[in-house]
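Okay, structure first, notes after.
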Amino acid sequence: MRFRFCGDLDCPDWVLAEISTLAKISSVKMKLLCAQVLKDLLGDGIDYDKVTKLTADAKFESGDIKASVAVLSFIFSSAAKHDVDSESLSSELQQLGLPKEHTTGLCKSYEDKHSALQGKLRETSLRLGRLEAVSWRVDYTLSSSELREVNEPMIQLKLQTHGAESASTETTVVSVSADKLRVLLAEQLNLNRMPEGPELHLASLYVNTMCTGVVFTGPVTKSEVSKNPNVPFTCEAYRISATSRGKEVKLTLTPMKSDDSKNKVMSGQADQPMEIVFRFGMSGSFRFTTEDELPKHSHLRFHSKEEPCRVLSFVDARRFGSWQPNGTWQPDRGPCVMFEYESFREKIVSHLSNRAFDRPICEALLNQKYFNGIGNYLRAEILFRLNIPPFVPARAVLEGLKSEDAFENKKVVKNEITDTKSSDGSKEEVEGEPGDLIRLCHTVPLEVVNLGGKGYDPQKADYTDFRAWLRCYFVDGMQSMPDHNGRTMWFRAVRSRSVSTPKKKNAIKREAVTKTPKKEEDGPSKETAPKRRREVNAPQQEKRETAPSKKNSSSEPTTGPQRCSERVTRQNSTRK
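The sequence shown lines up with residues 1 to 576 when you count with the UniProt record's numbering.
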């Protein structure tokens with residue numbers, strides 16, 4: 001049930017649990033207790049000695065007293081925040097189980113301090129300014145007889161912000177070189193893209209490549225700030241290997257065989273392999289560096305047995321990642337979309353009746369129980385390639401697909417979809433792209449793996465190929481909006497277009513056959529044709545008339561680096 005004083009949301013469980021505690025106090029003492037809580041909210045402080053005396057008859061312990069003060073503070077502040085009147089608040093509290101005489105005193109105190117409480121909340125609330133406008137120019141000396149060396153281009157960014165407390169506008173000017181701007185753009189893209197299945201597989205390849213032939217030694221050390229568990233593993237000599245499955249990476253620490261195994265056990269040295277399962281969160285990755293170049297946010301470290309010592313680090317700037325010593329793959333996660341394709345496809349097809357597929361397709365794709373490895377940028381690219389609107393029900397898109405892949409015997413290439421340019425210069429997908437939605441959930445991540453880069457690949461760390469590969473996610477001209485879970489969905493707006501499921505395609509073909517009109521030999525027979533037949537043929541005529549207009553439209557934006565190169569212009573150049 002939803003309540004106005006909770007912002008039209010369900011009442012928190014802890015508030016419900018403390019309602020029965022408040023009911024133990026008499027109505028008179030309830031009103032006095034409310035007065036103390038309101039004083040505290042208004043900044044005058046609370047007298048806990050008085051509160052203790054007021055709750056003595058009810059035999060409250062210290063925990064009950066703190067809980068009562070906390071629940072009253074929540075009720076008053078939340079009701080004032082959402083501008084709930086005293087009568088509505090009284091009615092809702094009675095629905096939660098608070099006696100009427102208690103709600104009467106509580107709401108009378110709330111009504112008396114309503115305006116003052118709202119004013120205090122406004123004063124103490126955090127206010128942030130907003131960005132009004134952004135402008136830029138490029139300063140570049142084309143040639144000069146006075147300068148021995150021509151300076152590099154400089155980008156001048158002008159940011160105008162609206163003050164939070166006042167109506168004034170502040171202007172900030174920033175000068176950035178071309179190289180720093182490239183780094184800034186790459187880091188911005190990295191911040192807005194969490195590691196997904198391809199990145200975790202590339203991370204496992206990184207570990208296997210960098211740690212081949214390397215012997216590690218000593219204990220596994222953890223940073224002081226990390227709240228993840230310690231890894232109880234110490235060994236004189238061991239090796240590290242890695243595997244991935246969906247959005248998980250497993251490191252295997254394998255002790256090297258030795259003749260003095262008994263001495264190892266007695267000295268606390270590990271003699272059995274240990275598996276550590278990592279989940280990267282929003283920014284996790286592995287780095288293999290020297291001790292002097294240890295990354296700033298290195299939270300778990302494996303030291304090599306060599307001079308100078310090198311360290312394999314699990315780096316996580318935002319600290320949303322986690323690891324589990326002696327861990328296993330999470331049982332709630334489905335088969336990997338990249339390397340367990342047959343099991344993945346079978347699970348989707350056999351579970352379409354599940355409630356999870358009642359949700360929009362863009363949200364269902366993030367359900368790791370079925371789509372293990374798919375994340376935010378992958379769902380955008382997959383739906384974009386198939387021209388599927390992101391917020392249609394998942395079942396409507398997937399129904400009719402079979403466990404057997406119709407394209408299974410066809411050769412899979414890195415980029416199954418090629419781009420062609422239409423007459424207006426915009427990119428279009430080639431007709432007959434092989435694969436349905438389930439297959440693209442398998443092939444599109446593999447394309448990213450083949451690209452490499454992005455800091456997860458030992459061969460290259462730049463984002464150039466990946467940015468060129470993106471067609472929808474964070475691409476200019478595309479639209480974005482949050483889904484019901486608050487995750488930003490990128491998509492291309494499709495006008496008056498229905499989802500093309502296998503069942504619908506067959507139905508359209510049959511309908512086209514039945515609706516194709518036969519040529520009539522004479523004019524009078526057209527006049528005597530049934531009215532119903534004319535109505536059936538009308539949509540086809542309208543479709544033929546509107547077809548040329550769709551061909552000439554330029555609703556689809558250009559994607560990729562081509563679009564960027566067309567738009568980047570030099571606004572102002574000065575000659576020194």
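From the three backbone atoms N, C-alpha and C, an ideal C-beta is built for every residue, glycine too.
Segment contact: the segment 376-386 against the segment 471-485, three or more CB-CB distances shorter than 8 Å; contact assigned. C336 has N372 as its beta-bridge partners, per DSSP. In the structure shown, T141 adopts coil according to DSSP, grouped into three states. The Cβ atoms of H162 and T172 lie no closer than 8 Å to each other. M256 carries a coil assignment under DSSP once its states are collapsed to helix, strand and coil.
Straight-line spacing of the CA atoms in V349 and D332 works out to 18 Å. Closest option to L446, judged by alpha-carbon separation, among E199, D271 and S26: E199.
For D13, the uninterrupted alpha helix (DSSP H) segment begins and ends at D13 to L22. Of all alpha-carbon atoms in R287, A35 and L437, the one lying nearest the alpha-carbon of S313 is that of R287.
Of the residues E293, F5 and R239, the one whose Cα lies closest to the Cα of D271 is R239. With a beta-carbon spacing of about 6 Å, C336 and G373 fall inside the 8 Å limit used to define contacts. Annotation: the continuous beta strand (DSSP E) that includes F314 extends over R310 to D316. T289 sits away from R319, with the two beta carbons spaced by 8 Å or more. Beta-bridge partners of P360 (DSSP): P393.
Taking a 10 Å sphere around the C-beta of P255, we find 16 or more other C-beta atoms and assign the residue as buried.
Going by DSSP, S177 is part of no alpha helix (DSSP H) but of the beta strand (DSSP E) stretching over T169 to S177.
Taking the Cα positions, D358 is about 40 Å away from H299. By the C-beta criterion, the segment 395-407 is judged not to be in contact with the segment 476-490, since fewer than 3 inter-stretch pairs fall below 8 Å. Excluding five sequence positions before and after L96, the CB atoms of its chain that fall closer than 7 Å to its own CB belong to C11, L16 and I19, given in chain order. The segment 384-399 makes contact with the segment 351-369, as at least three CB pairs between them are under 8 Å.
Every beta strand (DSSP E) stretch that sits fully inside the segment 197-240 and reaches 3 residues is listed by chain position as 216-219.
The C-beta distance from S27 to E101 rounds to 4 Å, short enough to meet the 8 Å contact threshold.
Of the other Cβ atoms in all chains shown, 16 or more fall within 10 Å of the Cβ of S244; this residue is therefore buried. Counted as a single uninterrupted DSSP element, the beta strand (DSSP E) harbouring H299 occupies residues S298 to H303.
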